[in-house]
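To get the working numbering, take the position in the sequence shown, counting from 1, and add 86.
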Amino acid sequence: MLDKLQIVKQRFDEVNDLIIQPDIISDQKRYVQLTREYKDLKLLMDKREAYIELTNNLNEAEEIIADGSDPEMVEMAKMQYDEAKEGIPKLEEEIKVLLIPKDPEDAKNAVVELRAGTGGDEASIFAGDLFRMYTKYCEGKGWNVSTVDFSEGTNGGFKEIQFEVTGDDVYGTLKFEAGVHRVQRVPQTETQGRVHTSAATVMVFPEAEEFDVEIDPKDVRIDYFCSSGPGGQSVNTTYSAVRLTHEPTGLVAQCQDQKSQHKNKEKAFKVLRSRLYDLELAKKQEEDAAKRGSMVSSGDRSAKIRTYNYPQGRVTDHRIGLTLYDLQNIVNGDIQKIIDELQLAENTEKLKASDDVI
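The structure is reproduced here in structure tokens:
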């Protein structure tokens, strides 16, 4: 373990020197990559220090116990020995997970898109419930949520809504939410009291930086139109909403959330870049998932990943067979326990696939 960590320390020292070099600071793409790498390596270095301290404590305690000349010191050494013996395996497991190569996308912000699927008005209401769930979860993490575009449902909720989330390791956390979510409950519109199944699709894109994707302006058609929905006097009177069409791929991104046409255009370009970046990423995820036989984070957007059953008060994640009878708290944003289990499953797969990790 220490040999492996020594290699990491050499890289940490190298990155530490690089990020203060003027030529690196002036290269935005390289600087951002290196500062992210520094942050990850710093965490490993802290664990390395703790690991060295525990192994030194263990060796010191063994020497005192073997000497046995001072009963009081022996008693203290036994406590130190037990503490180190218990702590070392736990720390080794944490270090093993940290040594798994991280996806560079994981540290990025994310663009999330919710779309009502089968189920008519009830599907739109469910998409609204999911938006509320994610908003509460993100607020609890200290992340910022900003709406990009939306289309409201006839009886509430959203036919579709797009929003961006900014904070630490956003994409690496929210990527597990991508897929089809199903709800089983009696809809507000149901008069007979029958349970219906409706669905909504969640898509999560890593937010691409300008240097990740270069868009030729000649490839983009820009249309301006009047905003719809809440927004005050400027709605339906000024052409502030922006729609971008990337003609080579047919991808469309639009934004009507801001009153300023310029700000809407900026946000729409951000979404378009992220969509183009995601096209390439989805191919890579499918290849990686096929190699590992993974259901945890494949590129398959049509996979049914989770069911929210209201009559039974349960939520089931079908990828890992996890069922929790805590529906009310989960729909109120308490989804961390599900994400933790999914991250654990993915890390276990990666550990099996990595011959280099000790």
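Think of the CB as a built atom: it goes at the ideal place given N, C-alpha and C, for glycine as much as any other residue.
Close Cβ partners of residue i (< 7 angstroms) along its chain, the five nearest in sequence each way excluded
i, result
"LEU430", "none"
"THR221", "VAL231"
"LYS133", "LEU177, GLU180, ILE181, LEU184"
"TRP229", "VAL251, THR252, GLY253, VAL256"
"THR259", "ILE425"
"ASP207", "GLY239, THR240, ASN241, THR275"
8 angstroms CB neighbourhood of residue i in its chain, flanking five on each side removed
i, result
"LYS164", "ALA147, ILE151"
"TYR363", "PHE291, PRO292, ALA294, ASP298, VAL299"
"PHE244", "LEU200, ALA202, SER210, ALA213, GLY214, PHE217, PHE236, SER237, GLU238"
Cut-off 6 angstroms between Cβ atoms - residues of its own chain near residue i, not counting five sequence neighbours on either side
i, result
"GLY203", "ALA209, ALA285, ALA286, THR287"
"GLY173", "LEU140"
"ILE111", "TYR117"
"ASP189", "none"
Reference residue i; option with closest CA among the options
i, options, result
"ASP235", "VAL197, ARG97, LEU140", "VAL197"
"THR283", "PHE212, TYR257, THR221", "PHE212"
"THR324", "PRO334, CYS312, GLN96", "CYS312"
"ALA264", "ASP309, LEU216, GLU276, LYS227", "LEU216"
"GLU246", "GLN340, LEU91, ASN350, GLY407", "GLN340"
"PRO273", "HIS348, TYR396, GLU158", "TYR396"
"LEU184", "LEU91, ILE138, THR393, ALA294", "LEU91"
"PHE262", "ASP298, ASN418, HIS404", "HIS404"
"ASP302", "HIS332, THR277, GLN278", "HIS332"
"VAL417", "ARG268, ASP309, GLU372", "ARG268"
Simplified DSSP state of residue i, which is helix, strand or coil
i, result
"TYR310", "strand"
"GLN107", "coil"
"SER320", "Here SER320 scores only 43 on pLDDT, less than 50, and its place in the model should not be relied on; the value that follows carries that caveat. Correct three-state label for SER320: helix."
"ILE416", "helix"
"ARG405", "coil"
"ASN395", "strand"
"LYS133", "helix"
"LYS390", "strand"
"GLU191", "helix"
Strand pairing of residue i, partner residues [DSSP]
i, result
"PHE249", "VAL198, THR233"
"ALA327", "PHE311"
"GLN340", "ARG329"
"ARG400", "ASN395"
"PHE244", "GLU238"
"LEU410", "VAL401"
The ligand GDP heavy atom lying under 7 angstroms from the CB of residue i
i, result
"ASP255", "No copy of the ligand GDP occurs in the structure displayed, which carries no ligand at all."
| task | Ignoring anything shorter than 4 residues or poking outside the segment 264-305, list the alpha helix (DSSP H) runs there in chain order. | result | none
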